[in-house]
Amino acid sequence: MKKSILAIALIGITSLGFSQRSEIRSAESAVEDGNYSEALTELNAAKPQLVDEKDKWVIRYHLAKAKTHGNMASSQSGDEMMENLNTALESVDKVLELEKDNEDALNYQTKLRQTMVQTAIDGQNEGDFDTAQKLLYKTYQMNKNDTVMLYYAASAAVNGKIYDKALNYYSELLDLGFDGATTQYVATNKETGEVEIFESKNMRDIAVKTDEFADPSIQKTPRLTGEIAKNVSLIYIQQDKPDEALVAIQKAKEENPDDISIMQAEADLYYRIGKVDKYNEVMKQVVLKDPENPSLYYNLGVASEQLGDKDSAKDYYKKAIELDPEMVNAYINLAALTLSEERSIVEEMNKLGNSRADNKKYQELNEKKKQYYKDALPYLEKANELDPDNMDAMQTRLNIYYQLEKNEEAKKLQEQINSMKE
């Protein structure tokens with residue numbers, strides 16, 4: 001009697017196995033046909049019968065489940081997409097736990113990763129930064145050696161004003177010692193003369209051997225430590241935490257004392273919280289490290305102007321123009337700075353009476369005022385030469401032409417302004 005009971009039990013187990021295999025096969029076929037609802041039904045039916053995790057059918061079950069949820073996620077958005085994506089990734093991981101070299105699982109994992117990155121890019125383009133940062137962080141979690149994905153996740157969070165997430169991501173990056181600098185393998189395309197970047201040294205060397213490329217070399221991309229420190233400080237400022245912002249900058253400086261981008265971030269921070277004197281102090285240190293950078297001199301000019309040091313401001317603007325003769329804003333600021341002297345002269349003129357001495361003084365001040373107009377005019381003319389559509393510069397020029405009784409020039413300029421407004 002006992003033998004009969006055992007035989008019945010074995011028959012039951014065998015029939016369960018066949019049923020399980022049939023349902024998994026059906027799920028696989030449904031996935032191939034794009035019928036994911038049917039695939040889910042078959043997988044749910046097979047799930048209670050999963051016994052031996054080492055069985056190949058268990059592996060096929062988890063792989064079919066991964067593809068079902070992953071393919072469903074590709075046509076979804078928001079929380080629903082993330083939920084299915086998480087299930088797909090967990091299922092792939094389960095397959096690789098059971099069989100680490102499973103080629104189908106590895107290929108599908110790569111496909112999922114590519115889809116996630118592309119979906120994140122599309123999301124950012126459409127303004128969905130929340131989904132983008134979630135996908136990019138999930139991509140980083142799939143391969144924690146790929147820290148650039150964590151950096152992209154932080155950037156997406158910043159763009160979406162999801163500051164708490166951004167701070168977490170940036171903190172993780174800094175703890176990992178991430179600086180963002182990468183090595184690029186480049187060579188010059190002989191036909192176009194353009195320098196092109198290759199995915200690897202091997203691919204670049206192969207391209208050079210074809211004789212279509214020449215001058216192979218290596219170039220380094222800039223460090224991102226300063227940008228990270230700057231973004232962290234800006235987040236703290238947005239949260240009205242200037243002290244934390246300064247601490248973040250100082251920590252970054254301790255680790256990278258000669259990093260110009262961090263010094264620039266520190267200067268920007270001081271500027272934003274109204275400490276223009278400290279901004280000026282740090283910027284002078286930055287200029288010493290990068291004396292050929294016209295933007296630094298321009299920024300120092302703006303700071304000096306705010307501090308009331310007009311002479312220094314003029315010198316900085318002129319130095320910026322010397323290094324970059326096409327810096328429009330430097331010309332405009334020089335013109336504005338020159339014309340700012342007019343106000344005190346006009347106030348003095350308005351206080352004068354009608355005596356002979358006052359009339360003489362009035363004429364002297366009027367000539368002085370005209371000289372400021374004459375000094376400012378070349379800067380405005382150059383600005384409009386470089387930027388013909390700059391209406392503010394044109395209007396100021398027009399007023400100066402009238403003041404200096406340059407009627408012919410004023411007439412031509414007025415016609416030009418009228419034609420632009422039509």
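Under UniProt numbering, the sequence shown has 325 at position 325, and the numbering climbs by one with no breaks. Glycine residues also receive a C-beta, built at the ideal position from the N, C-alpha and C atoms. From a predicted model like this one, the values you see are computed outputs, not experimental measurements.
1. What's the gap between the Cα of L112 and the Cα of D392?
2. Write down every uninterrupted run of the alpha helix (DSSP H) in the region 55-92 whose length is 4 residues or greater and which is fully enclosed by it, in chain order.
3. Mind checking who F213 pairs with in its DSSP beta bridge?
4. Going by the DSSP bridge assignment, what does I228 pair with across the sheet?
5. Answer yes if the region 54-73 comes into contact with the region 32-46, meaning at least three C-beta pairs across the two stretches below 8 angstroms, and no otherwise.
6. Pairs of beta-carbons, one from the region 267-281 and one from the region 187-199, closer than 8 angstroms: are there three or more?
7. Kindly list the residues whose CB is nearer than 6 angstroms to the CB of A303, restricted to its own chain and excluding five residues on each side of it in sequence; keep chain order.
8. So, helix, strand or coil for E305, using DSSP?
9. In the DSSP assignment, find the beta strand (DSSP E) that holds I197 and state where it starts and stops.
10. For I273, which of helix, strand or coil comes out of DSSP?
11. Ignore the nearest five residues each way along the sequence and tell me which others in M263's own chain have a CB closer than 7 angstroms to its CB.
12. Could you tell me the distance, in whole angstroms, from the CA atom of N407 to the CA atom of L398?
13. Which value, in whole angstroms, describes the spacing of the CA atoms of P48 and A248?
14. Report all residues from its chain with a CB closer than 7 angstroms to the CB of M327; omit the five preceding and five following residues, and keep chain order.
15. Going by the C-beta, is S200 closer than 7 angstroms to any heavy atom of the ligand GDP?
16. So R223 is in the alpha helix (DSSP H); what residue range does that whole segment cover?
17. Taking the straight line between their C-alpha atoms, what separation do you get for D240 and G226?
18. Among M203, A181, Y317 and K94, which residue has its Cα nearest to the Cα of Q109?
19. Measure the C-alpha to C-alpha separation of A214 and T221 and round it to an integer number of angstroms.
20. Below 8 angstroms on the Cβ atoms is my guess for Q133 versus K165; work out the distance and round it to an integer in Å.
21. Ignoring anything shorter than 4 residues or poking outside the region 305-393, list the alpha helix (DSSP H) runs there in chain order.
22. Can you give me the C-alpha to C-alpha distance between S15 and S22, rounded to a whole angstrom?
23. Compute the beta-carbon to beta-carbon distance between Y236 and A229, rounded to the nearest angstrom, for a pair I have assumed lies under 8 angstroms.
24. With distances taken from CA atoms, which of E342, P242 and A336 is nearest L380?
25. Rounded to a whole number of angstroms, what is the C-alpha to C-alpha distance between G301 and T188?
26. If we call anything under 8 angstroms between Cβ atoms a contact, is D130 one with G177?
27. Return yes when the Cβ of Y152 is within less than 8 angstroms of the Cβ of V232, no when it is not.
According to the structure shown:
1. 52 angstroms
2. 56-73
3. N189
4. Note: I228 sits in no beta bridge, so no partner.
5. yes
6. no
7. V276, Y279 and N280
8. helix
9. V195 to F198
10. coil
11. V282, Q285 and V286
12. 10 angstroms
13. 53 angstroms
14. P294, Y298, A320 and I321
15. What this structure holds is no ligand at all, so the ligand GDP is not there to describe.
16. Per DSSP, R223 belongs to no alpha helix (DSSP H) and is neither H nor E.
17. 21 angstroms
18. K94
19. 21 angstroms
20. 6 angstroms
21. 310-323, 328-339, 342-350 and 356-386
22. Residue confidence is low: S15 scores 37 on pLDDT, short of 50, so the model does not pin down where it sits. No coordinate-derived value is stated.
23. Not confirmed; about 11 angstroms, so no contact.
24. A336
25. 39 angstroms
26. no
27. no
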